[in-house]
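Numbering of the sequence shown is given in my numbering, commencing with residue 444 and proceeding in unit increments.
Ideal placement from N, C-alpha and C gives every residue a C-beta, glycine not left out.
Note that the coordinates shown come from a computational prediction; the quantities given were computed from them, not determined experimentally.
What follows is one structure encoded as structure tokens, with my remarks underneath.
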Amino acid sequence: MADLPTHTIVFEILTRLPAKDVGRSKSVCKQWYALLSTQDFVKIHCSRSVVSSNQRVLLIDDLTCSVRPIISNNNDYGPSSTVTFPFHHQNNDVSILSHLNGLLCVCLNHTYELLLWNPTTTAFKRLSTPDSHGFYINNLDAIGLYVDADDDYKVLHIKRRSGVLGVYVYSREVDSWRNIPFITRQEYLSPHFNWSAGTFCGGTLYFTVCECWIGGTNVVICFDVNSEQFKEISFPPVPSNGMVQGVLVNVKNVLHMFASTGMFEMTIDLWTLQGDYWIKVLSCPPIPPISLSLWCDITHYVTNGNWFVMTKLGKLFTIEMDMKPFECFYPVSWFRGFKGAVFV
């Protein structure tokens with residue numbers, strides 16, 4: 444290492460390499476392996492990769508999986524490349540539950556098994572164990588993927604079974620599950636409450652917990668990934684005279700929420716979290732009733748200030764946040780976890 448350029452120059456070069464080349468570079472020497480394994484390197488490498496020309500969308504359809512580049516100037520996809528699933532699966536079997544830095548936590552729907560999967564390297568790890576850890580049930584469980592201060596990637600699994608709530612943490616470093624305490628209100632264990640997937644932001648996993656009827660209770664559960672302590676904070680102060688749903692998004696390590704409320708007309712506000720309080724960023728006009736075929740999913744945020752949204756049929760659109768936001772696209776969410784954006 445003494446004959447190599449300074450640490451700073453090496454760092455700057457390596458953070459600009461493609462992900463597969465970074466993986467290969469880990470075998471150069473122990474010093475490079477340690478450098479490339481730090482969370483600082485991961486964050487900077489990901490931030491330099493998130494430019495319009497590098498944007499990709501991963502599409503899972505029945506038995507196939509493909510990656511397509513995004514063509515930003517016409518909101519379309521380029522030619523696809525097939526990704527081979529490295530694990531056995533059945534038709535329409537793979538559901539993506541959480542993602543972080545290119546690592547996916549997925550569920551095999553026919554066996555309920557949880558897996559960690561890196562589509563770039565094709566590496567995967569089954570998280571299920573003989574003692575019933577690592578099995579996911581839709582509409583009852585919640586999953587959050589995060590990394591702690593020791594650069595250990597972990598999965599938080601919140602399980603609701605017959606009125607009993609269990610919270611478990613999987614560590615990739617030690618390859619095992621363990622139970623952690625979670626004292627919360629008994630009513631949150633009811634299936635009448637819908638738990639979102641966890642959104643990792645600033646060392647905390649955030650979950651929305653929303654009661655599935657008009658005027659119900661809506662809160663945000665926060666999990667500090669280093670102290671492993673939970674706390675509850677309030678929802679943004681939105682009207683409760685209709686269905687209420689919040690969609691959490693991490694934008695440059697600041698937590699945002701698209702909070703929607705209404706019944707036959709939906710009102711949507713964008714909020715940002717400062718401390719334990721929500722600050723309204725902007726609002727959009729009420730949305731009249733629309734066909735559900737127009738509903739979309741917010742997929743990710745790009746560095747030029749725009750949101751990408753995707754219809755349920757896979758069509759891609761853009762919300763231009765810096766140019767009259769919400770003039771054409773209305774980010775919304777809906778009962779039982781239908782979340783995303785309406786294209787008018």
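Candidates the options: which alpha carbon is nearest residue i's?
| i | options | result |
| --- | --- | --- |
| Pro-624 | Thr-564, Ser-524, Tyr-476 and Phe-673 | Phe-673 |
| Ala-640 | Val-549, Val-697 and Gln-629 | Val-549 |
| Leu-546 | Lys-568, Pro-512, Asp-536 and Thr-527 | Lys-568 |
| Glu-630 | Thr-660, Leu-648, Thr-651 and Ser-619 | Thr-660 |
| Leu-561 | Thr-527, His-532 and Gly-577 | Here residue 561 is Asn; the residue named in the question, Leu, does not match the sequence. The shortest C-alpha separation from Asn-561 is found at Thr-527. |
| Leu-793 | Leu-608, Asn-535, Gln-474 and Leu-559 | The structure shown does not extend to residue 793, since the chain spans only 444 to 787, so no value can be given for it. |
| Ser-605 | Pro-634, Gly-521 and Val-465 | Pro-634 |
| Phe-636 | Ile-626, Cys-644, Thr-651 and Phe-643 | Thr-651 |
| Glu-654 | Glu-671, Cys-644 and Arg-628 | Arg-628 |
| Pro-522 | Thr-563, Leu-501 and Thr-451 | Leu-501 |
| Thr-563 | Thr-572, Lys-463 and Ser-670 | Lys-463 |
| Ile-539 | Pro-573, Lys-473, Asn-581 and Thr-572 | Asn-581 |
| Glu-671 | Val-662, Ile-626 and Thr-507 | Ile-626 |
Inspect the beta-carbon positions of residue i and residue j and report whether they are closer than 7 Å.
| i | j | result |
| --- | --- | --- |
| Met-688 | Asp-594 | It is worth fixing the name first, because residue 688 is Gln in this sequence and not Met. Against a cut-off of 7 Å, the Cβ pair of Asp-594 and Gln-688 comes out as no contact. |
| Leu-866 | Leu-698 | Limits of the chain in this structure are 444 at one end and 787 at the other, which puts residue 866 out of reach. |
| Thr-565 | Pro-529 | yes |
| Gly-577 | Leu-583 | no |
| Trp-620 | Ala-585 | no |
| Asp-719 | Ile-676 | yes |
| Ser-683 | Gly-646 | no |
| Leu-608 | Leu-632 | yes |
| Leu-557 | Tyr-579 | yes |
| Lys-469 | Tyr-476 | yes |
Quick one: what's got a C-beta closer than 8 Å to residue i's C-beta in the same chain, skipping five residues either side?
| i | result |
| --- | --- |
| Lys-597 | Leu-588, Tyr-589, Val-590, Asp-591, Val-612, Tyr-613, Ser-614, Arg-615 and Val-668 |
| Ser-541 | Leu-547, Cys-548, Ile-586, Gly-587, Leu-588, Val-598, Ala-640 and Gly-641 |
| Phe-484 | Phe-454, Leu-457, Thr-458 and Leu-478 |
| Arg-499 | Val-510, Arg-511, Pro-512 and Ile-513 |
| Arg-467 | none |
| Ser-575 | none |
If I measure Cβ to Cβ from residue i and keep anything under 6 Å in the same chain, skipping five residues before and after, which residues do I get?
| i | result |
| --- | --- |
| Lys-695 | none |
| Met-700 | Gly-689, Leu-691 and Trp-714 |
| Ile-503 | Val-537 |
| Asn-622 | Tyr-611 |
| Tyr-520 | Arg-511 |
| Phe-778 | Any reading at Phe-778 needs caution, since the residue's pLDDT is 39, under 50, leaving its predicted position unreliable; the model's value is listed next. For Phe-778, where only same-chain residues beyond five positions count, the Cβ hits under 6 Å are Met-686. |
Counting C-beta neighbours from all protein chains within 10 Å, is the total for residue i 16 or more, i.e. buried, or is it exposed?
| i | result |
| --- | --- |
| Leu-725 | exposed |
| Ile-722 | exposed |
| His-600 | buried |
| Arg-603 | buried |
| His-532 | buried |
| Leu-735 | Below a pLDDT of 50, predicted positions are generally treated as unreliable, and Leu-735, at 47, falls in that range; the measurement from the model is reported next regardless. Burial call: exposed. |
| Pro-461 | exposed |
| Ile-664 | buried |
| Pro-679 | buried |
| Cys-644 | buried |
Leaving aside the five residues before and after residue i along the sequence, list all residues of the same chain whose C-beta is less than 7 Å from its C-beta, in chain order.
| i | result |
| --- | --- |
| Ser-524 | Ser-509 and Val-510 |
| Glu-770 | Here the model assigns Glu-770 a pLDDT of 47, short of 50, so the residue's position is not dependable, and the following value carries that caveat. The answer is none, since no qualifying residue turns up. |
| Val-681 | Val-687, Ala-702, Thr-704 and Asp-712 |
| His-488 | Thr-458 and Val-465 |
| Gly-685 | Ile-657, Thr-704, Gly-705 and Met-706 |
For a test of your reading of the model: does the CB of residue i fall under 6 Å from any non-hydrogen atom of the ligand ZN? Yes or no.
| i | result |
| --- | --- |
| Leu-570 | Absence of the ligand ZN is noted for the structure shown, with no ligands found whatsoever. |
Starting from the N-terminal side, write out each stretch of the beta strand (DSSP E) that is 3 residues or longer and does not extend beyond the segment 512-562. Fully enclosed beta strand (DSSP E) runs of 3 or longer: 537-543, 546-551 and 556-560.
Continuous beta strand (DSSP E) assignments of at least 3 residues falling wholly in the segment 456-496: If only uninterrupted beta strand (DSSP E) runs of at least 3 residues are considered, none is enclosed by the segment 456-496.
I'd like the ranges of any beta strand (DSSP E) spanning at least 3 consecutive residues and lying wholly in the segment 592-626. Runs of the beta strand (DSSP E) inside the segment 592-626: 596-604, 607-614 and 619-622.
Where in the segment 656-707 do unbroken runs of the beta strand (DSSP E), each at least 3 residues long, occur, reported from the N-terminal end onward? Segments of the beta strand (DSSP E) lying fully in the segment 656-707: 661-667, 672-677, 686-694 and 697-705.
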